[in-house]
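Single-structure report; data block below.
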Amino acid sequence: MNRRAALQASALYLIAFAAAAAGRGAEFDARAWSAWKRRFLSADGRVIDDGNGGISHSEGQGFGALLAQAQGDRTAFQQIEAWTRANLLVRRDHLMGWRWHEDMGVAPEDQVTATDGDLFRAWALLRAARDSGWSEWAGQSEDIARDIADCCLRPDPRVAGSPLLIPGSASRADAERVLINPSYIMPRALRELGHAAARPELIAAADHGETVLAELAALGAVPDWVDVTPEGYAAPVEHDYLSGYDALRVPLYLTWSGNAGHGAVKRGFDMLAQADLPDHVAVVTTLGGVLLEQSNFAGYAALAELASCKESGKTTGVLSVQPYYPATLELLAALAAREGGACMQ
């Protein structure tokens with residue numbers, strides 16, 4: 093598909109997707125959003141990961157901006173974006189340094205990027221201008237999208253012309269082995285940004301990413317990290333070969349992208365359902381499905397509800413004591429239910 097055809101196809105996809113999504117889902121819970129802000133958002137716009145030593149990172153800033161836009165909270169959006177610009181834009185490109193410590197800011201070794209954070213920040217900026225009408229952010233997403241396309245895509249060693257989304261601009265990738273994190277593949281964000289920035293390779297990365305996720309799901313639980321080689325998938329060099337806290341997001345992003353019938357959504361639900369304690373879900377398993385860790389945090393349960401097409405519409409867990417990550421996933425799951433279109437399972 094040539095550049096013009098890819099962009100035209102993307103435009104038709106976005107029109108159809110918006111029509112499909114219009115009638116679905118739980119309302120975003122304003123009380124839960126207020127509770128999330130009280131617990132995890134500082135007065136100057138820093139999203140605090142209390143389960144990780146109180147650091148901040150590009151993922152949290154991207155998620156926070158997206159949630160603020162979705163809630164129509166212009167003040168919070170402005171605060172989050174202002175903090176991000178003042179503290180994480182330490183590179184020569186438009187991507188963020190991935191981690192910030194209160195006592196040292198972004199250390200030299202943390203100036204590397206995390207693609208999911210950049211992807212969600214860019215998507216939040218696009219939505220702010222396009223959907224919320226916050227005109228001061230018009231065009232702000234495009235430079236980020238172009239840098240993601242230029243710095244964070246690599247060829248699949250198995251399939252000529254098919255781009256893989258890599259975890260960061262400095263992530264290990266060569267002709268023989270490309271490290272990927274399957275949970276960074278957010279097809280809807282990639283497609284919308286690819287269309288807005290006239291970068292069809294981002295659209296291609298979404299399409300090929302869905303194929304990769306289907307292939308991985310056919311093999312077993314989707315891993316947090318995996319190497320792609322000319323012969324297929326292999327254990328990553330520098331990470332445990334497990335399905336855990338990262339991979340939990342795979343069914344979330346596919347459902348949010350209008351693809352609830354994807355094989356990785358069913359596989360994700362099966363993984364979450366491995367728990368053997370009441371009111372718990374599995375959060376870490378082997379790729380063969382052997383249970384290693386389980387949790388009763390409401391945010392993880394919300395992912396299981398979403399993956400099973402159960403629309404509870406409740407985000408009460410954010411009001412209880414659960415740390416940043418499950419609390420944020422709970423709000424994202426509610427948003428995905430609202431925006432993800434008809435449930436097809």
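FYI, in the working numbering the residues of the sequence shown are 93 to 437.
All C-beta atoms, glycine included, are put in the ideal place defined by N, C-alpha and C.
Since the model is a prediction, treat every value here as computed from it, not as a measurement.
Check: Using the C-alpha atoms, what's the distance from Gly432 back to Ala339?
Finding: In this model, Ala339 and Gly432 are separated by some 19 angstroms (Cα to Cα).
Checklist line | Gly78 (DSSP reduced to helix, strand or coil) | finding: Since the first residue of the chain shown is 93 and the last is 437, residue 78 is not available in this structure.
Check: Glu234 lies in the alpha helix (DSSP H); which residues open and close that run?
Finding: If you look at Glu234, you'll find it in the alpha helix (DSSP H) that goes Gln232 to Cys243.
Note to self: Pairs of beta-carbons, one from the region 388–403 and one from the region 310–325, closer than 8 angstroms: are there three or more?
What the structure shows: Flag = no, the region 388–403 and the region 310–325 do not touch.
Next item on the list: Determine contact between the region 288–297 and the region 357–375, defined as no fewer than three beta-carbon pairs at a distance below 8 angstroms.
Entry: Touching, no.
Next item on the list: Kindly indicate the opening and closing residues of the alpha helix (DSSP H) around Ser150.
Entry: Run containing Ser150: Ser150 to Gln163, per the alpha helix (DSSP H) assignment.
Check: Are the beta-carbon atoms of Leu383 and Asp368 separated by less than 8 angstroms?
Finding: Yes, the pair counts as a contact, with Cβ atoms nearer than the cut-off.
Margin query: Starting from Val357, trace the alpha helix (DSSP H) in both directions and tell me its first and last residue.
Written below: Residues Gly355 to Leu364.
Note to self: So, with DSSP's three-state summary, where would you put Ser134?
What the structure shows: Of the three classes helix, strand and coil, the one that applies to Ser134 here is coil, per DSSP.
Checklist line | Residues bridged to Ala265 [DSSP beta-bridge criterion] | finding: Looking at the DSSP assignment, Ala265 forms a beta bridge with Val270.
Next item on the list: Could you tell me the distance, in whole angstroms, from the CA atom of Ala374 to the CA atom of Pro247?
Entry: If you take the alpha carbons of Ala374 and Pro247, they lie about 33 angstroms apart.
Margin query: To the nearest angstrom, how far is the alpha carbon of Leu133 from that of Cys243?
Written below: Roughly 30 angstroms separates the two Cα atoms.
Margin query: With a threshold of 8 angstroms between beta carbons, is Gln414 in contact with chain C?
Written below: In the structure shown, chain C does not exist; there is a single protein chain.
Note to self: Please classify Thr303 as buried or exposed, where buried requires at least 16 neighbouring CB atoms within 10 angstroms.
What the structure shows: Exposed: under 16 other Cβ atoms inside 10 Å.
Check: Given Pro343, which residues of its chain have a CB within under 6 angstroms of its CB, disregarding the five upstream and five downstream residues?
Finding: Here the set comprises Val357, Gly360 and Ala399.
Next item on the list: Give the range of the beta strand (DSSP E) segment to which Gln386 is assigned.
Entry: According to the DSSP assignment, Gln386 belongs to the beta strand (DSSP E) that extends over Leu383 to Ser387.
Checklist line | Nearest neighbour of Ala122, chosen from Leu218, Gln163, Val376 and His193 [CA to CA] | finding: Sorting Leu218, Gln163, Val376 and His193 by C-alpha distance to the C-alpha of Ala122 places Gln163 at the top.
Next item on the list: Would you kindly report the start and end of the unbroken beta strand (DSSP E) that includes Thr378?
Entry: In the DSSP assignment, Thr378 falls outside any beta strand (DSSP E) and carries neither an H nor an E.
Next item on the list: Taking only the alpha-carbon atoms, compute the straight-line gap between Ala419 and Gly152 and give it to the nearest angstrom.
Entry: Ala419 and Gly152: Cα-Cα distance of roughly 12 angstroms.
Margin query: Out of Glu268, Ala281 and Asp142, which one is the CA nearest neighbour of Gly324?
Written below: When each option's Cα is compared against that of Gly324, the closest is Glu268.
Next item on the list: Answer yes or no: do Gly355 and Ala306 have a C-beta to C-beta separation smaller than 8 angstroms?
Entry: Yes, they are a contact pair.
Check: Where does Pro255 sit, in a helix, a strand or coil, going by DSSP?
Finding: Three-state DSSP puts Pro255 in a strand.
Margin query: Could you tell me the alpha carbon to alpha carbon distance between Asp266 and Ile272, rounded to whole angstroms?
Written below: Cα-Cα distance, rounded: 12 angstroms.
Check: Among Glu228, Trp229 and Leu211, which one has its Cα closest to the Cα of Leu245?
Finding: Of the listed residues, the one whose Cα sits closest to Leu245 is Leu211.
Next item on the list: From the DSSP output, in three-state form, read off Thr321 for me.
Entry: Three-state DSSP puts Thr321 in a strand.
Check: Smallest Cα separation from Phe169: which of Ala220, Gln203, Pro200 and Gly145?
Finding: Distances from the alpha-carbon of Phe169 to those of Ala220, Gln203, Pro200 and Gly145 put Ala220 closest.
Next item on the list: Measure the C-alpha to C-alpha separation of Thr378 and Asp332 and round it to an integer number of angstroms.
Entry: Roughly 10 angstroms between the two C-alpha positions.
Margin query: What residue range does the alpha helix (DSSP H) around Val329 cover?
Written below: Counting along the chain, Val329 sits inside no alpha helix (DSSP H), nor does DSSP assign it H or E at all.
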